[in-house]
Amino acid sequence: MEKVKVYVGYSHETNDMGIANYHESRKEVPAENLVEGGELILSEGRLVATVVSFIDGVLVFKYRGEEITLNPGHSWNTPMYRVDNPYIYESEGWSVTIEFERDPEKEEQYVDRVVELLDQMRKNASEEGWKVWKNIPLAKEYLDILRNRVPLHGKHIDANGIIVCCDAIFLEDLLDKRDVPRLCLEFLQLRKFANSQREADDAHYDNDRYLGVIEADKIQNRLDFYIDPHVTMEWWVNYTGAHLKFDPVERTPEWEDCIYEVEKEVDEKLGDEPRGMGFCFSYWSVKKAVLAKHGIDWSTPSMMNPKVMFD
Numbered sequence: 002m003e004k005v006k007v008y009v010g011y012s013h014e015t016n017d018m019g020i021a022n023y024h025e026s027r028k029e030v031p032a033e034n035l036v037e038g039g040e041l042i043l044s045e046g047r048l049v050a051t052v053v054s055f056i057d058g059v060l061v062f063k064y065r066g067e068e069i070t071l072n073p074g075h076s077w078n079t080p081m082y083r084v085d086n087p088y089i090y091e092s093e094g095w096s097v098t099i100e101f102e103r104d105p106e107k108e109e110q111y112v113d114r115v116v117e118l119l120d121q122m123r124k125n126a127s128e129e130g131w132k133v134w135k136n137i138p139l140a141k142e143y144l145d146i147l148r149n150r151v152p153l154h155g156k157h158i159d160a161n162g163i164i165v166c167c168d169a170i171f172l173e174d175l176l177d178k179r180d181v182p183r184l185c186l187e188f189l190q191l192r193k194f195a196n197s198q199r200e201a202d203d204a205h206y207d208n209d210r211y212l213g214v215i216e217a218d219k220i221q222n223r224l225d226f227y228i229d230p231h232v233t234m235e236w237w238v239n240y241t242g243a244h245l246k247f248d249p250v251e252r253t254p255e256w257e258d259c260i261y262e263v264e265k266e267v268d269e270k271l272g273d274e275p276r277g278m279g280f281c282f283s284y285w286s287v288k289k290a291v292l293a294k295h296g297i298d299w300s301t302p303s304m305m306n307p308k309v310m311f312d
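Now the structure itself:
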């Protein structure tokens, strides 16, 4: 097992008519705290998160009564809710991260792998049928390298480069945000952290390679609301101006955890079936059956929108 360290972060963000300020402070959790009942998050003298266990790099903790399991190389974040205004807001949140110890000697090797992964994700996204589901495991490896394996100020990559890599996910539509919203939020969180760590003389922003501040926040805002169990599907559809209703099960962690395996099996079952008129009904039928094998009862778009004609 590689050595890991646990960090707790606190982030505070403001945006006033496009002038944004983001600050993240974080500290390493002492080893003596990583025991049952140990202090994890202390806010204004009040203990809000405690350790349940920390075994082989897997951290289990309780936050406001909810038990959360965090694996090595991953982050957990509280939603940063904000007023529904893309121009003026203030928000704050907590994060817990388990990081692998970085190896500077392997930096070039990891950067080469990032380039390979990005190239493969682009090829998958260009396939007929928009098969970005194939990118899910690639994106997870890509995120792990950017967040845990390469330095923020290295010889071959820096914080600016990490931002470019994160933004490619969204600018090139390399993931379906509604299939893996939590994974997308992890990229946005890493992007913000890297932005807070940029040097003053880092390369200037090229608009074609970077998300704008407002656009990045707009994506995060939508995803935060999308995964919030207190937000109804009807409210979200109205909020985003979407035209079709969807089964709320699509927003759940259970869906996100299995969607890659589901889409892979669906693709294998449909084989070379022509992707022409009426294909959507074959696709939905097979997908519904495969999801049922994973314990998910899914209503297809045609079931959710009976008055809409699909072809």
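Going from the sequence shown to my numbering is simple: count from 1 and add 1. Quick reminder that beta carbons are idealized off the backbone N, C-alpha and C, glycines included.
Classify residue i: buried if its beta carbon has 16 or more other beta carbons within 10 angstroms, exposed otherwise.
i: Asn-136; result: buried
i: Ala-140; result: buried
i: Asn-196; result: buried
i: Val-112; result: buried
i: Arg-276; result: exposed
i: Asp-218; result: buried
i: Met-278; result: exposed
Compute the distance between the beta-carbons of residue i and residue j, then report whether it is under 7 Å.
i: Gly-58; j: Val-7; result: no
i: Ile-164; j: Arg-192; result: yes
i: Ile-42; j: Pro-73; result: no
i: Asp-180; j: Ile-297; result: no
i: Pro-182; j: Leu-147; result: no
i: Gly-10; j: Ser-96; result: yes
i: Phe-188; j: Ile-170; result: yes
i: Leu-153; j: Gln-198; result: yes
Could you tell me the alpha carbon to alpha carbon distance between residue i and residue j, rounded to whole angstroms?
i: Asp-273; j: Glu-266; result: 13 Å
i: Glu-109; j: Arg-252; result: 37 Å
i: Ser-286; j: Arg-114; result: 37 Å
i: His-13; j: Trp-77; result: 16 Å
i: Ser-92; j: Asn-222; result: 11 Å
i: Met-310; j: Cys-281; result: 11 Å
i: Phe-247; j: Glu-173; result: 24 Å
List the endpoints of the continuous beta strand (DSSP E) containing residue i.
i: Glu-40; result: 40-44
i: Glu-14; result: 5-17
i: Ala-160; result: Counting along the chain, Ala-160 falls outside any beta strand (DSSP E), though it belongs to the alpha helix (DSSP H) covering 160-172.
i: Trp-77; result: 76-78
i: Leu-60; result: 59-64
Pull up the CB-CB distance for residue i and residue j, whole angstroms please, since I reckon it's below 8 Å.
i: Leu-271; j: Ser-283; result: 7 Å
i: Val-52; j: Leu-71; result: Not confirmed; about 11 Å, so no contact.
Quick check on the DSSP output: the alpha helix (DSSP H) that includes residue i runs from which residue to which?
i: Lys-288; result: 280-294
i: Arg-192; result: 182-197
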